[in-house]
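Protein chains in written order, with this note's numbering: chain A, -11 to 349; chain B, -11 to 349. Note that CB positions come from ideal geometry on N, CA and C, so glycine has one too. Down below is the structure, laid out as structure tokens.
There are 2 protein chains.
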Amino acid sequence: MSDGGGPPTIVSIAERAGVSIASVSRVLNGVGARPDTVRKVERAAAELGYVPNAVAQSLKGGRTKQLTFAMQDIGNPVYVAMVREIQAVARAAGYRLLLHSTDAVIEDELAVVRSLGDRTSDGLILCPIRITPEHIEVLSQAAGPVVVIGSLPGDVQVDAVQADSVAGARLAVQHLAETGRRRIALINGPLDTVPGHNRRQGYLKALADLGLPHHPDAERATEFGLAAGRTAAHQLLDEHPDLDAFFCANDQLALGASQAVHERGLRIPEDIAVAGMDDSDLAQAAWPPLTSVDLGSVERGRLAARMLLDRLGGADLEATRARRTTAVPRLVVRGSTDPAAPAAPATAHGTGTGSGTGASA
Amino acid sequence: MSDGGGPPTIVSIAERAGVSIASVSRVLNGVGARPDTVRKVERAAAELGYVPNAVAQSLKGGRTKQLTFAMQDIGNPVYVAMVREIQAVARAAGYRLLLHSTDAVIEDELAVVRSLGDRTSDGLILCPIRITPEHIEVLSQAAGPVVVIGSLPGDVQVDAVQADSVAGARLAVQHLAETGRRRIALINGPLDTVPGHNRRQGYLKALADLGLPHHPDAERATEFGLAAGRTAAHQLLDEHPDLDAFFCANDQLALGASQAVHERGLRIPEDIAVAGMDDSDLAQAAWPPLTSVDLGSVERGRLAARMLLDRLGGADLEATRARRTTAVPRLVVRGSTDPAAPAAPATAHGTGTGSGTGASA
DNA sequence: TTGAAAGCGCTAACAT
DNA sequence: ATGTTAGCGCTTTCAA
């Protein structure tokens, strides 16, 4: 009497419809079959509430229709923006998204790449914090296609999408100078990270271009976080009361710095201007809204996902050489540097975050 | 000459080691074998760079070691907190996490539940925006274990973890009253969502408890977003210049409202106090830092993940009746209601977001 | 058009 | 202790 224990399979359907499993498979996959057969099979499938076993399909087909995105911590707004976009692109192409937080542990990052060999996902998008020689080695012998979001040496044969932090930082510093600031401090994250290093380079270059002096003691580099930004700003203001701007290597540092400024009863931007980087959701929610450099998190996510899907899709592209793309940075001026900046976003451009409920209950 | 085309399998290893595939499997799974055999197999596996095919293991074992988390939009800070926690718990138990954004489309939510039948993941954590009769039906005949984060009718046999928005909202309103506010407006999201409805109930109850009058026109309910909060606050202040507090149904609304207050040259909290809900990362990054009610996003994530893993693990628990848990809300007082509140977090409690780099380049 | 059968890579009886 | 073999659920030749 049917219902042989577990969930329905093509066998149960075949029995019920009185045909072979091959016919069931054909009908289910829209391959030719006699109308009569089609009807019988579809009916049986519906009655049994059949859902194809994706695992079996994967084993047979050799692809799981899953992509993996690995970054250090999904709590960072930059990654959130990427995940959203990657998930959207993946989904549109019929892929599911597997999330992997590496907690910035190198060994874990390497493990993710190696785990491509377990065939759990068809491809990987990796956001490494640093690139070590081991990364290069593991990446070049990965068991499946990988797209790196970050900077890779030119000769490594792996697709990559990168931000242009150097140019981005210059945009921000130039803007500060153009709006009359002369004593611009840098609040940075660790210098031994790629973003930390590059953003500092941009800062230095901009100062040089602008003919502004560089005061090594007007720089702080600790962690990329709110508390670090606040502490650094307090220290800098203690030592250099005449500073007129903080350029911060990311938005969290910038908001921490802003808190310090407020705590001292100084005004933003009148007394001190503050600019951040990443243009995360935090920037527009702040007061005053934070001027920031959009390094294209969303765009990088989209590009990375597309590149990966390209590798998976076109058989001809398979052997193509590694591709490199760079997202162009864009300065977003808001009230933290320009008192006249409109409070509401000038253009609609998909605010991000936005309008969900507070979730449940 | 080994290397039979594709990636190494137990067959390649067996050939290379000169043993049967069964022995290979045993060694690889740590089942008894002669030291000699163990050595040969391990050596061959290492030389070939063997990685077990997880898909094949899943097909055989009937479980994928994958969990799915479905919510409307990963851009919402509340969900970010949950994902982080769920991922951590899942990972510790050897599970991977599949992310699914439903974009608040009901049909999509239902589809996720049904798709449990495809055996792609072993269990599902679902955050529905609303619960429709269809949800109930689909949920009760799900092909695998589901834990709902949200409110479910008591008789539905599905595990659920819920927040206590009503109590949470009361906490906030009581706090506002205790600190001297009497004319407390409500800025809310859609009333036909569970959070929108419940948070309003808490607001009304608190007013009643406190003997404060309820002015229906001191309420606004539009969307759960920054822009909506700003607009609503401006309208309310236009109509009721004497308001002394905004209670907002989530942090984003609260930050939007704060912007409006600032734009009008009013001071927070001296002229007007602002309180939000969810205690997302936005709250502590704001200026002044935002008083908010922690509805236990992290805790709910953790509990949901644990419940799900329980269902998957213990064979004996399998038939247990549905369990319900409610996270206890907690008021977090900051500068937006209390001028004396410390700027830095009083206790360490895992700041959340925090310290990642700005990601790449 | 349809059915029988092979096989994706693995685990677990079962037999030796 | 080790080898042989039967599937897990599906797709896809290959014959009929």
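### Task
Check each residue of the region 264 to 282 of chain A: if its Cβ is closer than 8 angstroms to any Cβ of chain B, include it; give the result in chain order.
Met265, Asp266, Asp269, Leu270, Gln272, Ala273, Ala274, Trp275, Pro276 and Pro277
### Query
Which residue comes first and which comes last in the alpha helix (DSSP H) that contains Glu207 (chain A)?
Glu207 (chain A) -> not in any alpha helix (DSSP H); beta strand (DSSP E) instead, spanning Glu207 to Ala209.
### Simplified DSSP assignment, three categories, for Val400 (chain B)
Nothing in the structure corresponds to residue 400 (chain B), since chain B is present only between -11 and 349.
### Message
The beta strand (DSSP E) that contains Val135 (chain A), what's its start and end?
### Response
Val134 to Ile137
### Cβ neighbours of Gly36 (chain A) in the same chain (closer than 7 angstroms, five flanking residues each side left out)
At residue 36 (chain A) the sequence reads Leu, which differs from the Gly that was named. So the qualifying residues of the chain are Pro(-4), Ser0, Ile1 and Arg4.
#### Entry: Selected residue, minimal CA-CA separation from Glu30 (chain B), among B:Val15, B:Ala42 and B:Val43
B:Val15
#### Entry: Outcome for Leu201 (chain B) when other beta-carbon atoms lying within 10 angstroms are tallied against a minimum of 16
It is worth fixing the name first, because residue 201 (chain B) is Pro in this sequence and not Leu. Its Cβ having fewer than 16 others within 10 Å, Pro201 (chain B) is exposed.
### Query
By how many angstroms is the C-alpha of His185 (chain B) removed from the C-alpha of Gln60 (chain B)?
18 angstroms
### Task
Following the continuous beta strand (DSSP E) through Asp282 (chain B), name the residue where it begins and the one where it ends.
Thr279 to Asp282
### Query
So is Glu287 (chain B) buried or exposed if we call it buried at 16+ other beta carbons inside 10 Å?
buried
### Message
9 angstroms is my cut-off, CB to CB: does Val17 (chain A) come that close to chain B?
### Response
Per the sequence shown, residue 17 (chain A) should be read as Asn rather than Val. With 9 angstroms as the cut-off, Asn17 (chain A) does not count as an interface residue toward chain B.
### Contact belief for Ala261 (chain A) with Ala242 (chain A) at Cβ below 8 angstroms, rounded distance in angstroms
No, Ala261 (chain A) and Ala242 (chain A) are not in contact; Cβ-Cβ is about 11 angstroms, not under 8 angstroms.
### Task
Leaving aside the five residues before and after Ser153 (chain A) along the sequence, list all residues of the same chain whose C-beta is less than 7 angstroms from its C-beta, in chain order.
Pro183, Asn186, Arg187, Gly190 and Leu283
### Message
Output needed in chain order: residues of the region 21 to 49 of chain A with a Cβ under 9 angstroms from some Cβ in chain B.
### Response
Gly37, Tyr38, Val39, Pro40, Asn41, Ala42, Val43, Ala44, Gln45, Ser46 and Leu47
### Task
Express the C-alpha separation of Met265 (chain B) and Leu254 (chain B) in angstroms, rounding to a whole number.
22 angstroms
### Task
List the endpoints of the continuous alpha helix (DSSP H) containing Gly82 (chain A).
Gly82 (chain A) -> no alpha helix (DSSP H), and no H or E assigned at all.
### Task
Measure from the alpha carbon of Asp197 (chain A) to the alpha carbon of each residue in A:Gln162, A:Ala221 and A:His203, then state which is nearest.
A:Gln162
### Query
Opposite Ile113 (chain B) in the DSSP bridges: which residues?
B:Phe57 and B:Val135
#### Entry: Beta carbon proximity, Ser103 (chain B) to chain A, threshold 9 angstroms
yes
### Query
For Gln129 (chain A), which three-state DSSP category applies?
coil
### Message
Can you tell me whether Pro352 (chain B) is buried or exposed? The criterion is at least 16 other CB atoms within 10 Å of its CB, across all chains shown.
### Response
Only positions -11 to 349 of chain B appear in the structure, and residue 352 (chain B) is not among them; the question remains open.
### Query
Between Ala354 (chain A) and the rest of its own chain, which residues show a CB-CB distance below 6 angstroms, the 5 nearest in sequence each way excluded?
Residue 354 (chain A) lies beyond the residue range present for chain A, which begins at -11 and ends at 349; the question has no answer from this structure.
### Message
Would Phe57 (chain A) and Leu87 (chain A) be called neighbours here (beta carbons separated by less than 9 angstroms)?
### Response
yes
#### Entry: CB contact check: Thr52 (chain B) to chain A, cutoff 9 angstroms
yes
### Task
Kindly give me the distance between the Cβ atoms of Thr279 (chain B) and Val249 (chain B), rounded to whole angstroms, as I take these residues to be in contact under 8 angstroms.
Rounded, the Cβ-Cβ distance is 14 angstroms, inconsistent with contact.
### Closer than 8 angstroms at the beta carbon, the chain B residues around Val71 (chain A)
Ile62 and Leu87
### Query
Along chain B, in chain order, which residues have C-beta atoms closer than 8 angstroms to that of Ala131 (chain A)?
Pro(-5) and Val39
### Backbone secondary structure at Ile9 (chain B) - three-state DSSP
helix
### Task
For Arg170 (chain A), count neighbouring Cβ atoms within 10 angstroms of its own Cβ and tell me buried if that reaches 16, exposed if not.
exposed
### Given Ala151 (chain A) as reference, the closest of A:Arg84, A:His123, A:Ala173 and A:Asp267 once Cα atoms are compared
A:Asp267
### Interface flag, Gly244 (chain B) vs chain A, CB-CB below 9 angstroms
yes
### Query
Just curious, the beta strand (DSSP E) that Ala173 (chain B) is in, first and last residue?
Ile172 to Asn176
### Query
Val100 (chain A) lies in the alpha helix (DSSP H); which residues open and close that run?
Ile94 to Arg102
#### Entry: Contacts of Arg107 (chain B) in chain A (Cβ-Cβ under 7 angstroms)
Asn41, Ala42 and Val43
#### Entry: CB-CB length for Val68 (chain A) against Gly63 (chain B), believed under 8 angstroms
6 angstroms
### Message
Alpha carbons only, please: which of A:Ala329, A:Gly217, A:Thr325 and A:Lys53 is nearest the one belonging to Ala165 (chain A)?
### Response
A:Thr325
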